[in-house]
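Each residue of the sequence shown is one higher than the one before, starting from 1 at the first, in full-length UniProt numbering.
Idealized CB from N, CA, C, for every residue including glycine.
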Amino acid sequence: MPDALVSIAQHYHSRTKYDPDTLESKARPLDYSRQPTPFKTYRVGTEIDLKPYIDESNPPKPDSERVDWMRLSRLLINAYGLTAKFPTATGQTFYLRSAPSAGGLYPAEIYIISRGTRLLPAGLYNYQARSHSLWRYWDDHGWQNLQRACFWHPALEATHLALVVTGVFYRSAWRYQDRAYRRICLDVGHLLGNLELACALVDYRPHLVASFADEAVAELLYIDATQEGALAVLPLADLLLVEQNLPCAQVAFATSPQTQFPSVPDGELLSYFHQATAIASTADVPPWAMRPTGDTPQPADTLEDKYNLPFGLRVPTTTASIAWGPQLEELEITVFKRRSTRRYTGGSISLEALRLLLDFTYQPHHYSNQGLDLDPDYCDRTLVHTFVVACGVEGLDDGCYYYAPRSEELRQVRFKNFRRELHYLCLGQELGRDAAAVVFHTADLAGAVAAYGDRVYRYLHLDAGHLGQRLNLAAVRLGLGVSGIGGFFDDQVNEVLGIPPDEAVIYVTTLGQPG
Numbered sequence: 001m002p003d004a005l006v007s008i009a010q011h012y013h014s015r016t017k018y019d020p021d022t023l024e025s026k027a028r029p030l031d032y033s034r035q036p037t038p039f040k041t042y043r044v045g046t047e048i049d050l051k052p053y054i055d056e057s058n059p060p061k062p063d064s065e066r067v068d069w070m071r072l073s074r075l076l077i078n079a080y081g082l083t084a085k086f087p088t089a090t091g092q093t094f095y096l097r098s099a100p101s102a103g104g105l106y107p108a109e110i111y112i113i114s115r116g117t118r119l120l121p122a123g124l125y126n127y128q129a130r131s132h133s134l135w136r137y138w139d140d141h142g143w144q145n146l147q148r149a150c151f152w153h154p155a156l157e158a159t160h161l162a163l164v165v166t167g168v169f170y171r172s173a174w175r176y177q178d179r180a181y182r183r184i185c186l187d188v189g190h191l192l193g194n195l196e197l198a199c200a201l202v203d204y205r206p207h208l209v210a211s212f213a214d215e216a217v218a219e220l221l222y223i224d225a226t227q228e229g230a231l232a233v234l235p236l237a238d239l240l241l242v243e244q245n246l247p248c249a250q251v252a253f254a255t256s257p258q259t260q261f262p263s264v265p266d267g268e269l270l271s272y273f274h275q276a277t278a279i280a281s282t283a284d285v286p287p288w289a290m291r292p293t294g295d296t297p298q299p300a301d302t303l304e305d306k307y308n309l310p311f312g313l314r315v316p317t318t319t320a321s322i323a324w325g326p327q328l329e330e331l332e333i334t335v336f337k338r339r340s341t342r343r344y345t346g347g348s349i350s351l352e353a354l355r356l357l358l359d360f361t362y363q364p365h366h367y368s369n370q371g372l373d374l375d376p377d378y379c380d381r382t383l384v385h386t387f388v389v390a391c392g393v394e395g396l397d398d399g400c401y402y403y404a405p406r407s408e409e410l411r412q413v414r415f416k417n418f419r420r421e422l423h424y425l426c427l428g429q430e431l432g433r434d435a436a437a438v439v440f441h442t443a444d445l446a447g448a449v450a451a452y453g454d455r456v457y458r459y460l461h462l463d464a465g466h467l468g469q470r471l472n473l474a475a476v477r478l479g480l481g482v483s484g485i486g487g488f489f490d491d492q493v494n495e496v497l498g499i500p501p502d503e504a505v506i507y508v509t510t511l512g513q514p515g
């Protein structure tokens, strides 16, 4: 049995690391005959076509049902709708969506639970991205069951619609095996970033609930919890209705750490880990209301102080904000233009562009005057730290920097041009070598688990994916290339770049001039 002092989250992270000595021996050829489809289908139910409500050439009358249909249609297509399609060598059609996904596998699913509105009778709905429609697959008044599963979260008291985002494990595990859980949570984080911004376009406010009774939510949705796991519940407050215009609430997320676990063979670790970090419906205290006790180590942003040295190089990042245009029209255009860059030229970007990227990603309060949310919902943003490796940023010396969000500055860690090392660290991908800057999201995993329990592993990846999606959209708006990387040599990143060894690397985003 593994050391009892090691949490299941730390064990899972260690077991799914990529290591240069073992990566090739663990690799296996992909069986394309078993490649899963990224769309869910139902045999029984009713389709609600949302495509007629995309066209805004004939504006509807205020307060009409068509206005509400257009808002819902616009919300879903911006969050997770199709943005392009093209044929593949096998004769099939490959679809791109507004939110990026590792390997184009799209494991996330969106469900809508309706309490009963003038648009959607009480029941369960699945968003069908391929046809841009809703599939009503269950007629039921399940709202009280949802409230019970979310331990009577206050955001569900006045709202009438809730989104549930799940991950279908095999869609990603087909390619990435047990490490796929990391990718799934990052992908759901991308989707949450899109949902946050898409809601701002149509006057909704999502309230993130990440602590819920997993089995109860799975039963409510009629999904097999061993194959598909709920990762986020988002009550949608309609800001056009006074009674639903709820204030944002900063909440903590906690479960009791699990210190003992059985030996789990390769190929079964992903499903086991998700089940092991579930919350039981019998919890006495609402997990979303819990705080670490006074005896529990608190995961503070210690790096903000660690790199606050009087003699180190500091580069201010304060700047004017990106302009998203009247009614955020440029934001919506950017969502549909977003593509993951396949190749960089190796050319440089300006320091001002990097400042703008960091500003939009980490300083959302700067955008409240443009109609964007003053305080986006994260699980716990303070747990995710950021390092920026500059290889081609005009006006910034090459090297690795810690980004201090409160001080809005880059602080030196190590000076060197790391192009060759980045190529190696990113598993030989040329994206790492040719990027002008590479952003690393990290977290003190042991400290986070000590304070919030093993379930925090989900939260770290959801938040890193959320931040990564803001980087994505800001880069595209500025005409830059951008691509996330979920595969890297974990331990070697810390060693080469000088990142503290207790910082687990969660996500990598490359930025540069697109080829």
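Got a sec? Which residues, its chain only, sit under 7 Å from residue i by beta carbon, not counting five neighbours each side?
i: K337; result: V476
i: R342; result: none
i: E215; result: A225, A278, S281
i: L445; result: A9, Q10, H13, A504
i: T51; result: Here the sequence assigns Lys to residue 51, which means Thr is not the residue at that position. Closer than 7 Å at the Cβ level, and outside the excluded window around K51, lie H132.
i: G294; result: Low local confidence applies: a pLDDT of 49 at G294 is under 50, so the model's placement there is unreliable, and no value is given.
i: Q244; result: A158, T159, A237, D238
i: G498; result: C400, V413, R414
Can you give me the start and stop residues for the beta strand (DSSP E) that residue i sits inside?
i: Q412; result: 409-414
i: N245; result: Looking at the DSSP string, N245 is not in any beta strand (DSSP E), and its letter there is neither H nor E.
i: I506; result: 503-512
i: F387; result: 385-390
i: R314; result: 314-316
i: T442; result: 437-444
In the DSSP assignment, find the alpha helix (DSSP H) that holds residue i and state where it starts and stops.
i: T90; result: Careful: T90 lies outside any alpha helix (DSSP H) and carries neither H nor E.
i: Y401; result: Careful: Y401 lies outside any alpha helix (DSSP H), inside the beta strand (DSSP E) at 399-404.
i: G465; result: 456-477
i: L483; result: Note that residue 483 corresponds to Ser in the displayed sequence, not to Leu. It is not in any alpha helix (DSSP H) - S483 instead sits in the beta strand (DSSP E) that spans 481-485.
i: E332; result: 329-337
i: E47; result: It is not in any alpha helix (DSSP H) - E47 instead sits in the beta strand (DSSP E) that spans 46-49.
i: T16; result: Careful: T16 lies outside any alpha helix (DSSP H) and carries neither H nor E.
i: residue 525; result: Because residue 525 is not part of the residues shown, which for the chain are 1 to 515, the question remains open.
i: F488; result: Looking at the DSSP string, F488 is not in any alpha helix (DSSP H), and its letter there is neither H nor E.
i: Y272; result: 269-276
i: G432; result: 430-434
i: K40; result: No alpha helix (DSSP H) holds K40; DSSP gives it neither H nor E.
i: K61; result: Counting along the chain, K61 falls outside any alpha helix (DSSP H), and DSSP gives it neither H nor E.
Less than 6 Å between C-beta atoms, sequence neighbours within five positions excluded: which residues of the same chain meet that for residue i?
i: Y111; result: N126, V164, L221
i: P60; result: R66, V67
i: P500; result: none
i: E277; result: It should be noted that the sequence gives Thr, not Glu, for residue 277. If we look at T277 and ignore the five residues flanking it on each side, its Cβ neighbours are D454, R455.
i: H190; result: A99, P100, G465, Q469
i: R179; result: T16
i: G45; result: W135, R136, Y137
i: K85; result: T93, Y95
i: A213; result: A149, I279, S281
i: residue 534; result: Residue 534 is absent from the model: the chain starts at 1 and stops at 515.
i: M1; result: The predicted position of M1 is uncertain, since its pLDDT is 39 and thus under 50; a value taken from the coordinates is nonetheless stated next. Around M1: no qualifying Cβ.
With the cut-off set at 7 Å, would you say residue i and residue j are in Cβ contact?
i: residue 537; j: G399; result: Residue 537 lies beyond the range of the chain shown here (1 to 515); nothing can be said about it.
i: S321; j: D359; result: yes
i: T386; j: Y403; result: yes
i: G123; j: R136; result: yes
i: L186; j: H365; result: no
i: G229; j: H274; result: yes
i: I48; j: L134; result: yes
i: I512; j: Y344; result: Sequence check: residue 512 is Gly here, not Ile. Yes; because the gap between Cβ atoms is below 7 Å, this pair is in contact.
i: G486; j: R183; result: yes
i: D377; j: L197; result: no
Any heavy atom of the ligand ZN closer than 6 Å to the CB of residue i?
i: F212; result: In terms of ligand content, the structure shown is empty, and the ligand ZN therefore cannot be addressed.
With a cut-off of 8 Å on the beta carbons, I'd call residue i and residue j a contact; round off their distance for me.
i: Y18; j: D490; result: 6 Å
i: A436; j: G392; result: 4 Å
i: E421; j: V496; result: 5 Å
i: E409; j: V482; result: No, E409 and V482 are not in contact; Cβ-Cβ is about 22 Å, not under 8 Å.
i: Q469; j: G193; result: 3 Å
i: A443; j: A504; result: 6 Å
i: Y507; j: H441; result: 4 Å
i: Y204; j: A237; result: 7 Å
i: A162; j: L146; result: 6 Å
i: L356; j: L478; result: 6 Å
i: V438; j: G432; result: 6 Å
i: residue 517; j: Y459; result: Past the edges of the chain, shown from 1 to 515, lies residue 517, and the structure says nothing about it.
i: V202; j: R71; result: 4 Å
Residues in the same chain with beta-carbon distance under 8 Å from residue i, minus the five sequence neighbours each way, listed in chain order, please.
i: L30; result: W174, R175
i: P257; result: With a pLDDT of 49 at P257, under the threshold of 50, the predicted position of this residue should be treated as unreliable, and no value is reported.
Which runs of the beta strand (DSSP E) fall wholly inside the UniProt domain "Nitroreductase" (76-233) and span at least 3 residues, in chain order?
Listed in chain order, the beta strand (DSSP E) runs fully inside the UniProt domain "Nitroreductase" (76-233) are 82-87, 93-97, 108-114, 123-128, 133-139, 161-168, 204-206, counting runs of at least 3 residues.
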